[in-house]
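Trainee: Numbering (the numbering used here), first residue to last: 534 to 770.
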DNA sequence: CGTCCAGGTCTAC
DNA sequence: GGTAGACCTGGACGC
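In C-alpha cells:
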C-alpha cells in the first residue's frame, strides 16, 4: 500500500478478480477508517491551542483487517511489555502461516498450543474463549463497528463481557471500532500525559475531566495529545 | 541468581 | 463500591 497525493494505492502479488477485488478495497478502507468523517472533530479543534495541528488530517487510527485481529492484539498488549506483545502476535501469525489466524485455526491449534508455543500465559484462555464465541456464532464481530450503526453503550457492554477485557482493553478496542469517546488509560498513557502537563502524576478522574469538553471525541483527543510527537517525526521524514 | 514489573484483569473479600 | 493478591511471560536490573 502506498499513498500518492490524496489516493491510496493497493498492490497485490497477483491480479484479483471480483469479488476479491472489492473485498480487498473494502478491507483496506476499514483499516484506514476512510469512511470516517472527522469534520465535526476538526471544527471543534479550530481554536484549540494544544490540538489545532491535528486538523490537517490526523486521527485515523490504523486498524487490522478484522475485528478479531484487533481484539486479539489488544489482549496481547495487557500486563506485559510491548516486546512481549510483538512476540505473541508474531507467534500467532506463524500459526496462521504468514497471515493472522482465523478463529477456527486458533481453535484447531488448541489451548495447549496457545500456552506452550505462542506462550501467551494466562491470556491463552481469553483468546480461546473469544475464538470459540466467534466461531460458534455467539459473538459477531462486524456488527460492533460504529460505521455500521452499532450503539456505543451496547458495544462497550459486549466487549466488556469478554474474558480478559477490562477498562483498558475495552477503551482500546473501542477506538479501533470507531468509537472515539473512551480514554485509553494505562501505564504508558498516564505518565506520558502527566509529563506533557509538567506534573508528577494526574488522577484518572482529572484526566477524564480534562478531556470531557471533547465529548464523543474525548478519547481521540487524549490519544492525539499523547502522540503529537509521533506525527511530527513522520511529517519531517 | 533472585526480584521486579511492563501499554491489566479477575476474584474474593 | 473499593481494594489486595494472584496471574504467565521475559526483559531489566541489583546483588
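We treat Cβ as the ideally placed atom computed from N, Cα and C, and that holds for glycine.
Is the distance from the Cβ of residue 695 to the Cβ of residue 688 below 7 Å?
Mentor: No.
Trainee: Excluding the 5 residues preceding and the 5 following residue 642 in the sequence, name in chain order all residues of the same chain whose CB lies nearer than 7 Å to its CB.
Mentor: So the list reads 628, once near-sequence residues are dropped.
Trainee: Which two residues bound the contiguous alpha helix (DSSP H) that contains residue 784?
Mentor: Shown here, the chain extends from 534 to 770; a query on residue 784 therefore has no answer.
Trainee: Can you check whether the CB of residue 664 is closer than 7 Å to the CB of residue 640?
Mentor: It is a contact, given that the beta carbons lie within the stated cut-off.
Trainee: Residues bridged to residue 540 by DSSP?
Mentor: In the DSSP output, where bridge partners are listed per residue, residue 540 has 537.
Trainee: If you follow the alpha helix (DSSP H) that residue 691 is part of, which residue opens it and which one closes it?
Mentor: It spans 685-693 - the alpha helix (DSSP H) in which residue 691 sits, taken as one unbroken run.
Trainee: If I follow the unbroken alpha helix (DSSP H) through residue 771, where does it start and stop?
Mentor: Outside the modelled stretch of the chain, which goes from 534 to 770, sits residue 771, for which no answer is possible.
Trainee: What is the C-beta distance between residue 591 and residue 757, in whole angstroms, given that I count them as a contact (C-beta under 8 Å)?
Mentor: Their Cβ separation, rounded to whole angstroms, is 6 Å, which keeps residue 591 and residue 757 in contact under 8 Å.
Trainee: Exposed or buried, which one is residue 709 when buried takes at least 16 other CB atoms within 10 Å?
Mentor: Looking at its Cβ environment, which holds 16 or more other Cβ atoms inside 10 Å, residue 709 is buried.
Trainee: Near residue 578, which residues of its chain fall below 7 Å by C-beta distance, leaving aside the five closest residues on each side in sequence?
Mentor: Closer than 7 Å at the Cβ level, and outside the excluded window around residue 578, lie 584, 585, 587 and 588.
Trainee: Would you decide whether residue 655 is buried or exposed? Buried here means 16 or more other CB atoms lie within 10 Å of its CB.
Mentor: By the neighbour-count rule (16 or more Cβ atoms within 10 Å), residue 655 is not buried but exposed.
Trainee: Looking at the structure shown, is residue 655 part of a helix, part of a strand, or coil, going by DSSP?
Mentor: Note: residue 655 maps to coil in three-state DSSP.
Trainee: What residue from 631, 603 and 630 has the CA that sits closest to residue 618's CA?
Mentor: Of 631, 603 and 630, the residue nearest in Cα terms is 603.
Trainee: Determine the DSSP secondary structure at residue 677, reduced to helix, strand or coil.
Mentor: Helix, per DSSP.
Trainee: Work out the CA separation of residue 705 and residue 697 for me, nearest whole Å.
Mentor: Near 13 Å, if we compare the C-alpha coordinates of residue 705 and residue 697.
Trainee: Can you find the residues in the same chain that come closer than 8 Å, C-beta to C-beta, to residue 535, ignoring five residues on each side of it along the sequence?
Mentor: Taken in chain order, the residues that qualify are 541, 542 and 544.
Trainee: Since residue 738 and residue 712 should fall inside the 8 Å C-beta cutoff, what is the C-beta to C-beta distance between them, to a whole number of angstroms?
Mentor: Rounded, the Cβ-Cβ distance is 21 Å, inconsistent with contact.
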